[in-house]
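Just below is one structure, and these are the notes that go with it.
Encoded structure:
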């Protein structure tokens, strides 16, 4: 049984920097933090570097090759917010140390013709390529228009292996499709209550203040987006805080919706060398549906939520390398999100916490997100010190997934 000792690195344990410690990895787990190097261990010199827990992207949509791409950037877990990687479909991924681990909501509750249908060109069918066979049961679609339908679909999603339940609360105004069919308050209330009766974590897709208020009043656990239609008020911040709702701001998505591209990120050689041509082109574009939005308002809202004590989780809403889903790239955009969180006023350590321990805690991923004895050895070693310079997260020296070192 091989033992790896990572020595000489400063350790950020998911909550805080704890100084230079030796970290011992054995059989896919962290077995020791601090102390001496055991005899026979393979020693990895971490001098001049910082050891972090593997990063977690709290909002993604996956496709062919995307989990491997995420792992190349030190993102060891992705949380899918609409897709097919539910429990019965992902054994092959969970066992594969060349790709990021995955959790999934399955399909979110939305009315027929509701979000996200407006994003796709006519005739486009998202999903596996023709002829591909699913690894497990077929996905449960969740088109609902009444409280009764919402209550009926929840147990089917649970049985299908959803890890959490997502609700789409979107009238299309931000995407340039005002008047889109949308869940009403009674249907949302009933669905959230039924999900909680099954012990499920609940999240809502909300891009406006009004949709945010609806979700919070329904008893939602987390918001998978941050509203961008107007500046925050003390009232909406207090409502979110009082309900102990967590927020995945996805600032990178809001920026893309406003026409802000990922050009600067794509120009960074630390990013460019890990992107193929399709992903580079995608990252250099933008959604561009909401040019009237103000990114500084979004950043101010992030800071207000943080100052109020709301749990912020780092996520991106990255999807597929398609021109109408542009401005984002798996793995790379999570590092961009961390930079946005710092720009909003979080310290680098607080931003790192949003991509590690806080997300693990809110999603009950008790085996990861921290560097502590007994946890999975999902680790990222980077040159420099991202607890003072957040962009140092891109200075990848080594990545481990369940203790297996990822090859370049």
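Residue numbers (the working numbering): 162 to 569. Don't be surprised by glycine CBs; every beta carbon is placed ideally from N, CA and C. Note that this is a predicted model, so its numbers are computed, not measured.
What first and last residue would you give for the beta strand (DSSP E) that runs through residue 366? 363–366
CB contact flag (residue 523, residue 472, <8 Å): yes
Cβ-Cβ distance between residue 366 and residue 405 below 8 Å: no
Report the residue from 479, 362, 469, 342 whose alpha carbon sits nearest the alpha carbon of residue 393. 469
Need the endpoints of the alpha helix (DSSP H) that residue 327 sits in, please. First-last for residue 327: 326–329, but that is the beta strand (DSSP E), not the alpha helix (DSSP H).
Taking the straight line between their C-alpha atoms, what separation do you get for residue 290 and residue 567? Confidence is the limiting factor: at residue 290 the pLDDT is only 44, short of 50, which leaves the residue's position unreliable, though a coordinate-based value still follows. Going by the C-alpha atoms only, they are around 27 Å apart.
Assigned exposure category for residue 563 - 16 Cβ within 10 Å defines buried: buried
Using beta-carbon positions only, say whether residue 238 and residue 198 come within less than 8 Å of one another. no
Mind reading off the beta-carbon distance from residue 498 to residue 477? Whole number of angstroms is fine, and I expect it under 8 Å. 6 Å
Cα-Cα separation between residue 513 and residue 448, rounded to whole angstroms: 26 Å
Specify the secondary structure class of residue 620 as computed by DSSP and reduced to three states. Because the chain here runs from 162 to 569, residue 620 falls outside it and cannot be looked at.
Where does residue 317 land, buried or exposed, given buried means 16+ other C-beta within 10 angstroms? exposed
Could you tell me the alpha carbon to alpha carbon distance between residue 242 and residue 201, rounded to whole angstroms? 43 Å
Can you list, in chain order, the residues of its chain whose CB lies under 7 Å from that of residue 370, leaving out five sequence neighbours each side? 388, 390, 391, 397
Identify every run of the alpha helix (DSSP H) within the segment 451–524, keeping only runs that are complete inside it and at least 4 residues long; order them along the chain. 456–468, 493–505, 509–515, 518–523
Kindly list the residues whose CB is nearer than 8 Å to the CB of residue 553, restricted to its own chain and excluding five residues on each side of it in sequence; keep chain order. 211, 543, 544, 545, 546, 547
Below 8 Å, can you find three or more Cβ-Cβ pairs linking the segment 408–419 to the segment 347–358? no
Between residue 193 and the rest of its own chain, which residues show a CB-CB distance below 6 Å, the 5 nearest in sequence each way excluded? 185
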